[in-house]
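Chemist: Quick one: structure below, then a few questions.
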């Protein structure tokens, strides 16, 4: 509904697995974001991409590896995760990252469970 | 860091207006006030934003005080589907929307 889709919607993985989350936006935006939302906690910004270039990494562990091949697609590659990484992972997009008015549109999220 | 203060929870009777307050006493001149909501386990949904003037759209109205230190989101006729966590966000030129813990609104039948 928002023009931002995420797959898969649910993912269960072991600590030794490698998986990827995918986000796609159909809004013609140039900025994309990954957020993490743990249970009963505020959203935490993880990564920001603007025109395919990473502009922000909020001290995210290296077991999370983002990739932005073009302005419409954003991936989050996961490897050797820990159970505490279980959370709702949200993708968002905005026209760009400049200016005071810059509404972000969110996808539905991927519910990740690490066993 | 949080720039806004919201009550943790509120109740509202179905069909009545829901008035959600937000304090942002340190807001600067170029910062916008945004409101988002998040229904359980879904992505946040944009509601409305404003800079100085009051704003209205099909979802809600935003009333910003003249000194811009506080605002109120008004849902004119709350329905059960409006039960959600509502976030008031102040954002300038930076990338990040800081969502804080928001106000959990429960609409009661």
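Residue numbers (this note's numbering), protein chains in the order written: chain A, 752 to 866; chain B, 449 to 557. C-beta: ideal position from N, C-alpha, C; glycine also.
Can the beta-carbon of residue 532 of chain B be found closer than 8 Å to that of residue 466 of chain B?
Modeler: Position 84 of the second chain, counted from the first residue, corresponds to residue 532 of chain B. Position 18 of the second chain, counted from the first residue, corresponds to residue 466 of chain B. No, these two residues do not count as a Cβ contact at 8 Å.
Chemist: Tell me which residues of the region 482-506 of chain B have at least one Cβ-Cβ distance to chain A shorter than 9 Å, keeping chain order.
Modeler: Listed by position, the residues of the region 482-506 of chain B near chain A (Cβ gap below 9 Å) are 482, 484, 486, 489, 490, 491, 492, 493, 494, 497, 499.
Chemist: Can you say whether residue 514 of chain B is buried or exposed, counting buried as having 16 or more other CB atoms within 10 angstroms of its CB?
Modeler: Looking up residue 514 of chain B in the second chain gives position 66. Burial call: exposed.
Chemist: Starting from the beta carbon of residue 544 of chain B, find every residue of chain A whose beta carbon is closer than 9 Å, and list them in chain order.
Modeler: The sequence position of residue 544 of chain B within the second chain is 96, counting from 1. Going along chain A in sequence order, the residues near residue 544 of chain B (Cβ under 9 Å) are 784, 796, 799, 807, 809.
Chemist: For residue 556 of chain B and residue 793 of chain A, I'd like the C-alpha separation in whole angstroms.
Modeler: Within the second chain, numbered from 1, the residue matching residue 556 of chain B stands at position 108. Within the first chain, numbered from 1, the residue matching residue 793 of chain A stands at position 42. Between residue 556 of chain B and residue 793 of chain A, the C-alpha separation is close to 25 Å.
Chemist: Residue range of the beta strand (DSSP E) that residue 838 of chain A falls in?
Modeler: Against the first chain, residue 838 of chain A aligns to sequence position 87. Counting along the chain, the beta strand (DSSP E) containing residue 838 of chain A begins and ends at 838-845.
Chemist: For residue 854 of chain A, which residues in chain B fall below 8 Å Cβ to Cβ?
Modeler: To locate residue 854 of chain A, count along the first chain from 1; it is residue 103. 482, 494, 497, listed in chain order.
Chemist: Pairs of beta-carbons, one from the region 476-488 of chain B and one from the region 508-522 of chain B, closer than 8 Å: are there three or more?
Modeler: yes
Chemist: Among the candidates A:803, A:858, A:776, A:795, whose CA atom is the shortest distance from the CA of residue 809 of chain A?
Modeler: Start at 1 with the first residue of the first chain, and residue 809 of chain A comes out as number 58. Of the residues A:803, A:858, A:776, A:795, the one whose Cα lies closest to the Cα of residue 809 of chain A is A:795.
Chemist: Within 8 Å (strictly less), CB to CB, does residue 549 of chain B reach chain A?
Modeler: Taking the first residue of the second chain as position 1, residue 549 of chain B is located at position 101. Closer than 8 Å: yes.
Chemist: Considering only C-alpha positions, which residue in the set A:782, A:778, A:787 is nearest to residue 860 of chain A?
Modeler: Mapped onto the first chain, residue 860 of chain A falls at position 109. With respect to the C-alpha of residue 860 of chain A, the residue from A:782, A:778, A:787 having the closest C-alpha is A:787.
Chemist: Give the residues of chain B in contact with residue 827 of chain A, contact being defined as C-beta atoms less than 7 Å apart.
Modeler: In the first chain, counting from the first residue as 1, residue 827 of chain A sits at position 76. Within chain B, no residue comes near residue 827 of chain A; the closest Cβ sits about 15 Å away, beyond 7 Å.
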